[in-house]
Amino acid sequence: MSAYHIIDEPKPSLYRSLVVDPIVILFSALLIPIFFELPLYGRFWMPLAWIVFNGFLLGSPSKMKETLIAIVGCLTFFAMHSALIYLSTINIDMARSVVPYYQIIIQGALFFTLYLIVFYQSPPYAIHQYIKDNIRA
Numbered sequence: 013m014s015a016y017h018i019i020d021e022p023k024p025s026l027y028r029s030l031v032v033d034p035i036v037i038l039f040s041a042l043l044i045p046i047f048f049e050l051p052l053y054g055r056f057w058m059p060l061a062w063i064v065f066n067g068f069l070l071g072s073p074s075k076m077k078e079t080l081i082a083i084v085g086c087l088t089f090f091a092m093h094s095a096l097i098y099l100s101t102i103n104i105d106m107a108r109s110v111v112p113y114y115q116i117i118i119q120g121a122l123f124f125t126l127y128l129i130v131f132y133q134s135p136p137y138a139i140h141q142y143i144k145d146n147i148r149a
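End of the sequence shown = 149 in our numbering, gap-free, step of one.
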């Protein structure tokens, strides 16, 4: 028998039971910081690490693109944080007035990055879920 291959079909991994819906990761990134503070700026890098790890477990065909988006998101966070520190060394009053806007912008950058990765990871997850539910292997 000849086998078929669908390009978007995720490759099954040994750890496929650990795969989580990417929307759950996005909502976790929204809700967990409400209840407690994660150490070492974990509210920014932990969801990105989790969603990239999820893409590798899923066998997503766009996992390299997802990883690149996460790296760019982390670099953006560190660049913005460094810019705020530099601004505080130049003019402390101006830095204090920028902090509320900085927090909003950094959250927006985080959730935009997560949303882009969720956008790329959702179709392979849907196929993974279909295969898991309908085809017993």
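The C-beta atom is built at its ideal place from N, Cα and C for all residues, glycine as well.
If you draw a straight line from the Cα of alanine 82 to the Cα of glutamine 133, it comes to about 13 Å. Here asparagine 66 is not near isoleucine 46, since their CB atoms are 8 Å or more apart. Put simply, the backbone Cα of threonine 88 is about 8 Å away from that of alanine 121. Under the Cβ criterion (8 Å, minimum of three pairs), the segment 56–63 counts as touching the segment 113–128.
Given a length threshold of 3 residues, the segment 29–113 has no whole run of the beta strand (DSSP E) inside it. Around the CB of alanine 41, 16 or more other CB atoms lie within 10 Å, so the residue is classed as buried.
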